[in-house]
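Peer 1: Protein chains in written order, with the numbering used here: chain V, 1 to 343; chain L, 1001 to 1343. Glycine included, every Cβ here is placed at the ideal spot set by N, Cα and C.
There are 2 protein chains.
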Amino acid sequence: MNDVILLVDSVRQGSRLALGRLLTQVENDTEEGRQALFHLFRYTGRAHLIGVTGAPGTGKSSLVNRLAYQYRHPAEGTPARRVGIIAVDPSSPFTGGAILGDRVRMRDLAGDPGVFIRSMASRGSLGGLAATTAALVDAMDAAGFDIILIETVGAGQGEVDVASLSYTTLVVEAPGMGDDIQAIKAGILEIADILVINKADLPGVENTERALRGLLQLAYPTSHTLGGDFDDPASRGVGSVHSGYLAWEIPVLRTVATDGSGISVLVTEIDHHREYLQNSGGWTKQERTRLESQLDHLLKAELVARWRKTISESRVQSVVDRLASRELSPWQAVGILLDGGGG
Amino acid sequence: MNDVILLVDSVRQGSRLALGRLLTQVENDTEEGRQALFHLFRYTGRAHLIGVTGAPGTGKSSLVNRLAYQYRHPAEGTPARRVGIIAVDPSSPFTGGAILGDRVRMRDLAGDPGVFIRSMASRGSLGGLAATTAALVDAMDAAGFDIILIETVGAGQGEVDVASLSYTTLVVEAPGMGDDIQAIKAGILEIADILVINKADLPGVENTERALRGLLQLAYPTSHTLGGDFDDPASRGVGSVHSGYLAWEIPVLRTVATDGSGISVLVTEIDHHREYLQNSGGWTKQERTRLESQLDHLLKAELVARWRKTISESRVQSVVDRLASRELSPWQAVGILLDGGGG
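(1) Confirm, please, whether the CB-CB distance from LEU1195 (chain L) to GLY1051 (chain L) is below 8 Å.
(2) Quick check: the Cα distance between GLU1275 (chain L) and ILE1148 (chain L), rounded to an integer number of angstroms?
(3) What do you reckon, are the CB atoms on VAL83 (chain V) and GLY45 (chain V) nearer than 8 Å?
(4) Please name the residue, chosen from L:LYS1309, L:LEU1007, L:GLN1025 and L:VAL1316, that lies closest to THR1133 (chain L) on a Cα-to-Cα basis.
(5) What in chain V is Cβ-close to TRP1283 (chain L), meaning under 7 Å?
(6) Within 8 Å (strictly less), CB to CB, does LEU1022 (chain L) reach chain V?
(7) Rounded to the nearest angstrom, how far is the Cβ of PRO56 (chain V) from that of LEU1295 (chain L), given a contact under 8 Å?
(8) If you compare alpha carbons, which of L:SER1314, L:GLY1111 and L:VAL1137 is closest to GLU1287 (chain L)?
(9) Using the three-state DSSP reduction, which class does PHE1116 (chain L) fall into: helix, strand or coil?
(10) In the DSSP assignment, what residue or residues form a beta bridge with ALA87 (chain V)?
(11) Along chain L, which residues have their Cβ under 7 Å away from the Cβ of TRP307 (chain V)?
(12) Buried or exposed for SER312 (chain V), please, with buried defined as at least 16 other CB atoms from any protein chain shown within 10 angstroms of its CB.
(13) What residues of chain L sit near GLU287 (chain V), judged by a beta carbon separation below 8 Å?
(14) Have a look at the DSSP bridge pairing and note the partners of SER1261 (chain L).
(15) Would you list, in sequence order, the uninterrupted alpha helix (DSSP H) runs of no fewer than 4 residues that lie entirely inside the segment 259–320 of chain V?
(16) Name the chain L residues that come within less than 8 Å of GLU292 (chain V), Cβ to Cβ?
(17) Once DSSP output is grouped into helix, strand and coil, what is the label at THR351 (chain V)?
(18) Measuring only from the beta carbon, is ARG326 (chain V) closer than 7 Å to any heavy atom that is part of the ligand ADP?
(19) Hey, would you say ALA1219 (chain L) sits closer than 8 Å to LEU1189 (chain L), going by beta carbons?
(20) Could one say the Cβ of VAL1137 (chain L) lies closer than 8 Å to chain V's Cβ atoms, at least one of them?
(21) Cutting at 6 Å between CB atoms, please list the residues of its own chain near PHE145 (chain V), excluding the five before and the five after it.
(22) Considering only their Cβ atoms, is the gap separating LEU216 (chain V) from ILE250 (chain V) smaller than 8 Å?
(23) Just tell me which of L:LEU1040, L:VAL1064, L:LEU1337 and L:ALA1068 has its CA closest to the CA of VAL1171 (chain L).
(24) For the candidate residues L:HIS1039, L:GLU1031, L:ASP1029 and L:SER1318, whose alpha-carbon lies nearest to that of SER1010 (chain L)?
(25) On the DSSP letters alone, give me the boundaries of the beta strand (DSSP E) that THR1374 (chain L) sits inside.
(26) Is the Cβ-Cβ distance between VAL1347 (chain L) and GLU1206 (chain L) less than 8 Å?
(27) Using the three-state DSSP reduction, which class does GLN182 (chain V) fall into: helix, strand or coil?
(28) Starting from LEU195 (chain V), trace the beta strand (DSSP E) in both directions and tell me its first and last residue.
(29) If you measure from the beta carbon of LEU126 (chain V) to each beta carbon in chain L, is any gap under 8 Å?
(30) What residue does the alpha helix (DSSP H) around ASP1339 (chain L) start on, and which one ends it?
(31) On the DSSP bridge assignment, give the partners of GLY348 (chain V) in chain order.
(32) Starting from the beta carbon of LYS1060 (chain L), find every residue of chain V whose beta carbon is closer than 9 Å, and list them in chain order.
(33) Any beta-carbon of chain V closer than 8 Å to the one on ARG1042 (chain L)?
(34) In chain L, which residues lie with their C-beta within 8 Å of the C-beta of VAL334 (chain V)?
(35) Cβ of LEU1338 (chain L) less than 8 Å from any chain V Cβ?
(36) Out of L:GLU1031, L:LEU1266, L:TRP1307 and L:THR1310, which one is the CA nearest neighbour of TYR1071 (chain L)?
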C-alpha cells in the first residue's frame, strides 16, 4: 500500500490529520494531491455545497459559524450533520484576515470532530481561485461531509465563479451598510438563492428588507405568478414554499448570527432549496455545470503548460520586448508565439 | 479607406462617437475591435493608469468623480488633463449598479468633452475581466486620455488582476465600515500605493487612520528607515516625500469626496507617485508586467479556441457524461480530451 493509497484510506476513515494533509497537497497542486483526488473522486457528489457571500461587515463569518453550530446541534429527533467550511473571503476571520476579536467566536466549534475549517492560504495555484476551491470541495466531499459551506466576499468574477460551485447560494446583507442600496449589486442578486439580512437587530432593517424585496420584484417581476400561495403574506415572510418545490421564490430572511435568531429557519430554507433542486432536476444540472467548469479550468492550464514546454523563455521575452516597444500589437505577438515567424 | 481605418482615425481625432463605438467593439471582442486595436496599439503607453479600489460604501465612485473634476479644473497655471473612467465595480453608479441618487453627482462631469466614462457592461468576453479591461484601457490610452481611472471593488482575484493593470493604485477606506479592521484586507494593502480615507468628516476617522498606519507598520516594518524625514510628523500627514522620489512610503490621506476636501492633495500625491515610478524604473517594469499578463490572457484564449476546433461537442459531452457518473476523474478526462483514447 503506497503513501497515496494510505492517505486516501485515512481520509475516508475520517482522519482529520490525513484530511488536513490532503487539502494542503490539493491546494499546492502536488502530484500526491492529484493522485489522491483521482482515487477519491468517485466518492464525491454527495455533499450539499452552500455558498455564503456578501460584503465585508455583513457578519457572514459569524453566520457561517452559527450555521455550522446549528447543523451540529439540530432540534431533537434530527440527526446532526458533518460540516466542512472553506473560507475564500480574504476578510474572513477563518482566513486570518481580521485582526481582532473574531477568533473568540469560533470557540463553539473548536474541538468538534464533526466540523472541519479550511481557509484558502494561496490564491489558487491550479490556475485560479475557483479551480482550487473546486478541488478542495471535492476533497471534503469525498471525506464524507454532509454540508460544505463556502464563504466568499460578495464581489468580483472570482467570487461569482466560486458561487457557481455551490448548489445553494446565500447572499448576506446587513442594515445600514454604506449607502444601503449601493451594497446590493445586480450581479450578486442574480446568484442568490436565499437572501439573508444579518445583524437584523440593528436599526434600518425594515429599509433594507424593503429595498431587497423591491429589487427582487424588479429582477423577477413575473415570479410571483409561478406559485399559487402568494396571497398568503405569512408565506412571503420566510420565502414562498411551493408544493413539492417545483418553483423557487427567493426568500428574504432575517438573522442575528451573534445570538442565533433566525438560524433554524435559515437551515430549514436551505433544506427546502435542496429538495427543490432535487425535485426539479436542478441538482443534476448544477452538478454538470460545475464539472464542466472544473474540466475547462484544468484543460486551459494543461494546454498552456504543454505549449510552454515547446518554447524557450528567451523567445517569449524577445516577443515581449517588441510588444513593449510597440513594434507588435498583442494579437500579433500571440500569432508569432503560436505560429512562429516574424522573428 | 476602410471602416476600421476610418474608426481608428476618428478615435485619434477625438471623436466621442467613434470612441464609444470602438469600446463596444473591443468589449465584445469583435473582428473590427481587434483590427482597430491592432492599428491603435502603437499610440498606447502614455496615459497614467490609476486603479481606485475599496469596499462598497466607501464612496469610491464619488471620489473618482471628484478626482476627474479636479483634473479638469486644476489650480491656475496648471493645464487641465483629459480623463477616461472605466468602472469595473458592479456596485458603482457608473455601471448602473446603484439605484438611487448617485447619478445626480455625475452632473458636474456631464457635457465635458475632456471626460469619457465607460462601464463594463459584460464580464469579459475576451476570457476574463482583466483582459477586457486591459483592452478598454488600451483603446482609451490611444484616444489620448492623460489619466485613466479604473474603478474596481476591493476584493477578489479578478480585482487584484485589474489593479495590476494600473501604475498607481488607490485603496479607499471609510470610517466605521462594519468591523472597521475587517474591511481592511491583507491582500488589498499589498496592492496599495496610496491609502485614502474617504468620508473623513464622519466620526471614527482617527481610529481608521490609526488602524491603517498600524497595519502599514506591520506590513512594512523597515520602510520607515528608507527616508530621512520621518521625524517630521507633518510629512507623515500627507505621506512621506523623498528627495527625487527614489523610495515610496505609502501615504494615508483623508478626503471628503462630496465637498472636495483633500482632493487636490490627493492629485499631488498621485503625481508624486508617477514621478517616483519614472525615476525608479518602476514605470517601465510595471508596463512590462502589464503587457506580459495581457499576452498571457490572449495566449490562453487562443490556445483553447484552437483546441476546441479539433474536437466535436458530442465528444466533449460524452467525456462530461463519464465525469458525472464518476467513471473518470477530472484529470483523466483532460487526458482523454487532449490525447484521445479511452473512448
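Peer 2: Reading off the structure:
(1) no
(2) 17 Å
(3) no
(4) L:GLN1025
(5) By Cβ distance, chain V contributes nothing, its closest Cβ being about 12 Å from TRP1283 (chain L), past 7 Å.
(6) no
(7) Between LEU1295 (chain L) and PRO56 (chain V) the Cβ distance is about 33 Å, and since that is not below 8 Å, they are no contact.
(8) L:VAL1137
(9) strand
(10) V:SER119 and V:GLU151
(11) LEU1303
(12) exposed
(13) ALA1324
(14) L:VAL1256
(15) 263–280 and 282–308
(16) VAL1320
(17) Given that chain V is displayed from residue 1 to residue 343, the structure contains no residue 351 (chain V) and the question cannot be resolved.
(18) This structure simply doesn't include the ligand ADP, nor any ligand for that matter.
(19) yes
(20) no
(21) ALA47, ARG82 and GLY84
(22) yes
(23) L:VAL1064
(24) L:HIS1039
(25) For chain L, the structure presents residues 1001 to 1343; residue 1374 (chain L) sits outside this window and is missing.
(26) The shown model of chain L, from 1001 to 1343, leaves out residue 1347 (chain L), and the question about it has no answer.
(27) Caution is warranted here: a pLDDT of 44 is assigned to GLN182 (chain V), below 50, making its placement in the model unreliable, and no coordinate value can be reported.
(28) 194–197
(29) Confidence in LEU126 (chain V) is poor, its pLDDT being 48 and thus under 50, which makes the residue's placement too unreliable to answer from.
(30) 1330–1339
(31) Nothing can be reported for residue 348 (chain V), as the shown portion of chain V is limited to 1 through 343.
(32) Residues of chain V passing the Cβ test: none, with the nearest at roughly 10 Å.
(33) yes
(34) LEU1295, LEU1298, LEU1299 and GLU1302
(35) yes
(36) L:LEU1266
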